[in-house]
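Peer 1:
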Amino acid sequence: MRQKGLLPDMFTTNMILNGFCKQGRMKAAIDLFMDMQRTGLSPDIVTYNTLIGGCCKAFDMVTADEL
């Protein structure tokens, strides 16, 4: 999207995060989360719930606690 000059909104980003978490791609989800913050998109409660849930399903309690 960014290559075409389009910036994803919070809803779109949360949907992509959810997909990454459901696929067990937590590295990609965390990378997207960090990218959100770099581009000025503030994470919301849905973002955090999605990431924490994904980390717990991946048995990564340390990362879940750090969020």
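Every letter in the sequence shown is one number past the one before it in UniProt numbering, and letter 52, counting from 1, is 52. Glycine included, every Cβ here is placed at the ideal spot set by N, Cα and C.
#1: For Lys57, which option in Leu32, Leu41, Asn18 and Phe33 has the closest C-alpha, if you only look at C-alpha atoms?
#2: Spatial neighbours of Ala29 within its chain, please: C-beta separation below 7 Å, excluding the five flanking residues on both sides.
#3: Within 10 angstroms of the Cβ of Asn14, are there 16 or more other Cβ atoms? Answer buried if so, exposed if not.
#4: What would DSSP say about Ala58, mapped onto helix, strand or coil?
#5: Mapping DSSP to helix, strand and coil, what is Leu17?
#6: At the level of alpha carbons, what is the spacing between Gly40 and Thr12?
#7: Using the Cβ count rule (16 or more neighbours within 10 Å means buried), how would you classify Phe59?
Peer 2: Result, derived from the coordinates:
#1: When only C-alpha atoms are compared, the closest one is Asn18.
#2: Apart from the 5 residues on each side of it in sequence, Ala29 sits with its Cβ closer than 7 Å to the Cβ of Leu17, Phe20, Cys21, Leu51 and Gly54 in its chain, given in chain order.
#3: Asn14 comes out buried.
#4: Under the three-state reduction of DSSP output, Ala58 falls in the coil class, being neither helix nor strand.
#5: Three-state DSSP puts Leu17 in a helix.
#6: Distance between the alpha carbons of Gly40 and Thr12 is about 15 Å.
#7: Of the residues assessed, Phe59 falls on the exposed side of the cut-off, its CB having fewer than 16 other CB atoms within 10 angstroms.
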